[in-house]
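>
In our numbering, the protein residues as written are 130 to 364.
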């Protein structure tokens, strides 16, 4: 089995050393190069064509946001995981808009960091729970102020197949989905329905499975793109 080849980009050598030690202790992850700024990261990505670039945001010469945006010109198949101390909405959203596949805070646990690395490498996207709420807020703002508001208008189609897609969500699943898009965590949703958190987690799993998504970010994107789901939420 081929290892996950990684380039680390952070302007603090001690941080890079710590991350390298953590990653390479796993056996299936290999750090092929280290960069102290965004421009070095791009040049190394061109030379090594790694599977994954783990990049900080604040770096000299070229910051991580711009490096992420330019990366496809140097190594189109390399995926990006942002590892930063910044939890500002602006940084998070800009990272994703520039092509990042994941965003993790430096205070995250070892277990979550390794999970993020493997998830992003395997083709998925990973955002910690706190980060996911940023996307919920953006979805809500977009729904209120943007074109999604028009998409929620009732159509002449039936509820189950308003745009040719039948997701067969139950009434309870639609109710829970609506609360998820409003940013409520499982504990608060459970309290509203008088159910256990485990029951809500089961509903949430079933919703994700039916909609063929794996996280909140993908879920919100799917809702934005599917008028049928927008209608179902307001049925």
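Note that beta-carbon positions come from the ideal geometry of N, C-alpha and C, so glycine has one too.
As the structure is a computational prediction, the values presented were derived from the model and not from experiment.
Report the three-state DSSP secondary structure of residue 208 (helix, strand or coil).
Taking the chain shown and counting its residues from 1, one reaches residue 208 at position 79. Strand, per DSSP.
> Is the separation between the beta-carbon of residue 329 and that of residue 352 shorter than 9 Å?
Reading the chain shown from its first residue, position 200 is the one you call residue 329. Reading the chain shown from its first residue, position 223 is the one you call residue 352. Cβ distance not < 9 Å, so residue 329 and residue 352 don't count as in contact.
> Thinking C-beta only, is residue 148 closer than 9 Å to residue 139?
Taking the first residue of the chain shown as position 1, residue 139 is located at position 10. Taking the first residue of the chain shown as position 1, residue 148 is located at position 19. Their beta carbons are under 9 Å apart, which means residue 139 touches residue 148 by this criterion.
> Cα separation between residue 223 and residue 348?
In the chain shown, counting from the first residue as 1, residue 223 sits at position 94. In the chain shown, counting from the first residue as 1, residue 348 sits at position 219. Their Cα atoms are separated by approximately 19 Å.
> Does DSSP classify residue 181 as helix, strand or coil?
Your numbering for residue 181 matches position 52 in the chain shown. Reduced to three states, the DSSP call for residue 181 is strand.
> Count the C-beta pairs between the region 155 to 175 and the region 184 to 193 that are closer than 8 Å, then say yes if the count reaches three, no if not.
They touch, by the three-pair rule.
> Which word fits residue 176, buried or exposed, when buried means at least 16 other C-beta atoms lie within 10 angstroms of its C-beta?
Walking along the chain shown from the start, residue 176 turns up at place 47. Under this definition residue 176 is an exposed residue.
> Determine the burial state of residue 185: buried for a count of at least 16 other Cβ atoms within 10 Å of its Cβ, exposed for fewer.
For the purposes of this step, residue 185 is identified with residue 56 of the chain shown, where counting begins at 1. Residue 185 comes out buried.
> Please classify residue 208 as buried or exposed, where buried requires at least 16 neighbouring CB atoms within 10 angstroms.
In the chain shown, counting from the first residue as 1, residue 208 sits at position 79. Buried, because 16 or more other Cβ atoms sit within 10 Å of the Cβ of residue 208.
> Buried or exposed for residue 142, going by 16 or more other Cβ atoms inside 10 Å?
Counting from 1 along the chain shown, the entry for residue 142 is found at position 13. Classification of residue 142: exposed, given that the 10 Å Cβ count is below 16.
> Just reading off the beta strand (DSSP E) that residue 163 is part of, what are its end residues?
Position 34 of the chain shown holds residue 163. Taken as a continuous stretch (DSSP letters only), the beta strand (DSSP E) holding residue 163 covers 158 to 164.
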